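*Asks:* Structure incoming, see below.
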Amino acid sequence: MLKSHKYWLGLFWMAAIFVLPLPLIQTLSQGMQNTINVSNLFASQIGIIAYVWMLFAIAISIKPKWIDKLIGLPEMYFVHGILGVSAIVLAFTHKMMLQSSGLIKQTGDIALIIFIGIAAYSIFFMSGWLTSRSKVLRKIKTTIEKILSYEVSVWLHRLNIVATLLVFAHVILIPYIVTITPFMTLFFVYSGVTAVMYLYYHFGKPLLARHGQLIANKKLAHSVTELVIRLNKNAQIHPGDFVYISFPEVDGFKEMHPFSILRYDQAKRELVFAIRNWGDFTAKLDKIPVGAKVKIDGSYGRLSESIKENEGKHLVFIGSGVGSVPLISLTRSLIDKHKVSFIRVASKKEDLIYENDLQDLAVKNPNLEYASQVGRLNENQVKTIVTKNRNSFYIVGGSTPMMVGTMKLLQDAGVRKADIYGEKFNF
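Residue numbers (my numbering): -19 to 407.
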């Protein structure tokens, strides 16, 4: 299918890596040919590729909706991270290949130091990619998070903008570069477009943001809180979506954070969330007072879109703990017209939230086959599920380690990678 997830993801990568830097590389090459600085051409091209990749990483960090619908935010942030790290590698190579002095050297060196420091911090604290694969690193991260809050992490990450501005200054300070008019024209256009996008996201978009009020806050389990938010106006939200929310008047909750939507009642304009109290940001969610003002950005997600792309296939959902929240939302919206097999696991029985509701739903609706257990699915159980559900599309929801493990078991049991999907919240 032309508009498949893989097609657009591949096109996205191609544009980011090859297409966007090409005009700058070409104009730079033409401007430096047959000059005394031609020996610096290759190193300069490496540097400009790094700059374009960093601009692109900044541009997609503002979460454009159209990109989310094409490839999804998890993949988008993966591209953001890979391009950011790759840009640093190229920038370091650029530094090693060229000699400079004065402000040119200082701006470049300081920018590189900031980029390296923020990249190391982000890989460990913000991406979740590394810590999700090691219990020891997860414990270290949890300990340090008590000192460095989520809001501090977000502000530290924004130092990348300072570093990018230093690179901008670094380029316009180079005498033989600024004389290449076609290159500098494109350089200012690329930089200007990125700046406008970033400034609009942080200063313009908030003025148009959807707002709401917390109308209910209750504990569902020892470590799970249910929040109900009433919006000031209706929103277009699909089952399985997630939104970013913040509480601008509550200390510690002023920065946006993503949460999956359990249910959206359009008539009442009410959003319902079930959130695990785990981590710096969510640990005190149950303490937020009813009546608190809420800011909402979204919705995002392509779970519903992935189901449309696999029309006609039987649906199998495998969820763990609160990671099953978007799957519950999807199940409720689909079972009137689609057959769904929903398997849910949890580390503790109390984490099987809304268990009675789902069991009742399965009894009343023959399109829903529901099962749950304490403890993860083992290899034999997954093989049984796969054998029973041929020609199916699988959606997995849960923590990153659970999703990675379950997806591997499904593939080992014979399910094609293209028939498995899930949105990992590694951002």
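A virtual CB, placed ideally from N, CA and C, is assigned to each residue, including glycine. Being a predicted model, the structure only gives us computed values, none of them experimental.
1) Measuring only from the beta carbon, is VAL296 closer than 8 Å to any heavy atom that is part of the ligand ADP?
2) How would you write the range of the alpha helix (DSSP H) that PHE167 sits in, first residue to last?
3) For GLY385, which three-state DSSP category applies?
4) Mind checking LYS329: buried by the 16 CB within 10 Å criterion, or exposed?
5) For GLN216, count neighbouring Cβ atoms within 10 angstroms of its own Cβ and tell me buried if that reaches 16, exposed if not.
6) MET56: buried (16+ other C-beta within 10 angstroms of its C-beta) or exposed?
7) For ARG138 and ARG282, what's the separation of their Cα atoms in angstroms?
8) Are there 16 or more other CB atoms within 10 angstroms of the CB of LYS75, so buried, or fewer, so exposed?
9) Determine the DSSP secondary structure at VAL354, reduced to helix, strand or coil.
10) Should ALA143 go down as buried or exposed, given a rule of 16 or more other Cβ atoms within 10 Å for buried?
11) Can you find the residues in the same chain that come closer than 7 Å, C-beta to C-beta, to MET177, ignoring five residues on each side of it along the sequence?
12) Among PHE405, ASN369, LYS404, THR380, which one has its Cα closest to the Cα of VAL395?
13) Is there at least one Cβ from chain C nearer than 9 Å to VAL132's Cβ?
14) How about VAL305 and ALA254: are their beta carbons less than 9 Å apart?
15) Any idea what DSSP makes of ASN336, helix, strand or coil?
16) Do the region 196 to 212 and the region 270 to 287 touch if we need at least three Cβ pairs shorter than 8 Å?
17) What does the alpha-carbon distance come out to for the pair MET77 and VAL132?
18) Can you tell me whether ALA196 is helix, strand or coil according to DSSP?
19) Tell me whether the beta-carbon of ILE68 lies closer than 9 Å to the beta-carbon of PHE95.
20) Residues in its own chain within less than 6 Å of ALA149 by CB, not counting five upstream and five downstream?
21) Run the CB neighbour count on HIS202, radius 10 Å, all protein chains shown included, and call it buried at 16 or more, exposed below.
22) What distance in whole Å lies between the Cβ atoms of PRO162 and GLY11, which are believed to be in contact at a cut-off of 8 Å?
23) Shortest alpha-carbon distance to ASP48 belongs to which of GLN6, PHE(-2), ASP221, LYS388?
24) Straight-line CA distance for LYS213 to VAL173?
25) Cβ of TYR374 within 9 Å of Cβ of ILE298?
26) Which term fits GLU206, buried or exposed, when burial requires 16 or more other beta carbons within 10 angstroms of its beta carbon?
27) Name the one or two DSSP bridge partners that PRO238 has.
28) Could you check where the beta strand (DSSP E) with ALA410 kicks off and where it finishes?
29) Does the separation of the CB atoms of THR386 and PHE405 fall below 9 Å?
30) Is the beta carbon of ASP429 less than 9 Å from the beta carbon of ASN336?
31) Assign GLN25 to buried or exposed, taking buried as 16 or more other Cβ atoms, counted over all protein chains shown, within 10 Å of its Cβ.
*Replies:* On the basis of the data shown:
1) With respect to the ligand ADP, the structure offers nothing, as it holds no ligand at all.
2) Locating residue 167 in the sequence shown gives position 187, counting from the first residue. It spans 161 to 179 - the alpha helix (DSSP H) in which PHE167 sits, taken as one unbroken run.
3) Along the sequence shown, one-based indexing puts residue 385 at 405. GLY385 falls in the helix class under three-state DSSP.
4) Along the sequence shown, read from residue 1 onward, the residue named residue 329 stands at position 349. Counting Cβ neighbours within 10 Å, LYS329 comes out exposed, since fewer than 16 surround it.
5) Against the sequence shown, residue 216 aligns to sequence position 236. Exposed: under 16 other Cβ atoms inside 10 Å.
6) Translated into positions along the sequence shown, residue 56 becomes position 76. That one is buried.
7) Translated into positions along the sequence shown, residue 138 becomes position 158. Translated into positions along the sequence shown, residue 282 becomes position 302. Using only the alpha carbons, I get a separation of about 27 Å.
8) Taking the sequence shown and counting its residues from 1, one reaches residue 75 at position 95. LYS75 is buried by the Cβ-count criterion.
9) Taking the first residue of the sequence shown as 1, we reach residue 354 at position 374. Correct three-state label for VAL354: strand.
10) As a working mapping, residue 143 is identified with position 163 in the sequence shown. Buried, by the Cβ-count rule.
11) Start at 1 with the first residue of the sequence shown, and residue 177 comes out as number 197. Excluding positions up to five away in sequence, the list reads ALA39, ILE42.
12) Here residue 395 is taken as the residue at index 415 of the sequence shown, counted from 1. VAL395 has its Cα closest to that of ASN369, out of PHE405, ASN369, LYS404, THR380.
13) No chain C appears in the structure shown, which is made up of a single protein chain.
14) Walking along the sequence shown from the start, residue 305 turns up at place 325. Walking along the sequence shown from the start, residue 254 turns up at place 274. Taking 9 Å as the Cβ cut-off, VAL305 and ALA254 qualify as a contacting pair.
15) Position 356 of the sequence shown holds residue 336. Looking at ASN336 - three-state DSSP - the assignment turns out to be helix.
16) The region 196 to 212 makes contact with the region 270 to 287: 3 or more CB pairs, one atom from each, lie closer than 8 Å.
17) Within the sequence shown, the letter at position 97 stands for residue 77. Within the sequence shown, the letter at position 152 stands for residue 132. Cα to Cα, MET77 sits roughly 35 Å from VAL132.
18) To locate residue 196, count along the sequence shown from 1; it is residue 216. ALA196 carries a strand assignment under DSSP once its states are collapsed to helix, strand and coil.
19) As a working mapping, residue 68 is identified with position 88 in the sequence shown. As a working mapping, residue 95 is identified with position 115 in the sequence shown. Yes. Within cutoff.
20) By 1-based counting over the sequence shown, the position of residue 149 is 169. Excluding sequence neighbours, ALA149 sits near THR87.
21) Numbered from 1 along the sequence shown, position 222 holds the residue referred to as residue 202. That one is exposed.
22) Taking the sequence shown and counting its residues from 1, one reaches residue 11 at position 31. Taking the sequence shown and counting its residues from 1, one reaches residue 162 at position 182. With a Cβ gap of about 7 Å, GLY11 and PRO162 count as contacting.
23) Locating residue 48 in the sequence shown gives position 68, counting from the first residue. Of GLN6, PHE(-2), ASP221, LYS388, the residue nearest in Cα terms is ASP221.
24) Counting from one through the sequence shown, the residue named residue 213 turns up at place 233. Counting from one through the sequence shown, the residue named residue 173 turns up at place 193. The C-alpha of LYS213 lies about 31 Å from the C-alpha of VAL173.
25) Counting from 1 along the sequence shown, the entry for residue 374 is found at position 394. Counting from 1 along the sequence shown, the entry for residue 298 is found at position 318. With a cutoff of 9 Å on beta-carbon distance, TYR374 and ILE298 are scored as near each other.
26) Your numbering for residue 206 matches position 226 in the sequence shown. A residue is called buried when at least 16 other Cβ atoms come within 10 angstroms of its Cβ; GLU206 meets this threshold and is buried.
27) Locating residue 238 in the sequence shown gives position 258, where the first residue counts as 1. Paired residues: TYR224.
28) Given a span of -19 to 407 for the chain in the structure shown, any question on residue 410 remains unanswerable.
29) Taking the first residue of the sequence shown as 1, we reach residue 386 at position 406. Taking the first residue of the sequence shown as 1, we reach residue 405 at position 425. Cβ atoms of THR386 and PHE405: not closer than 9 Å.
30) Outside the displayed range of the chain (-19 to 407) lies residue 429, so it cannot be described from this structure.
31) Counting from one through the sequence shown, the residue named residue 25 turns up at place 45. Around the beta-carbon of GLN25, 16 or more other beta-carbon atoms lie within 10 Å, marking it buried.
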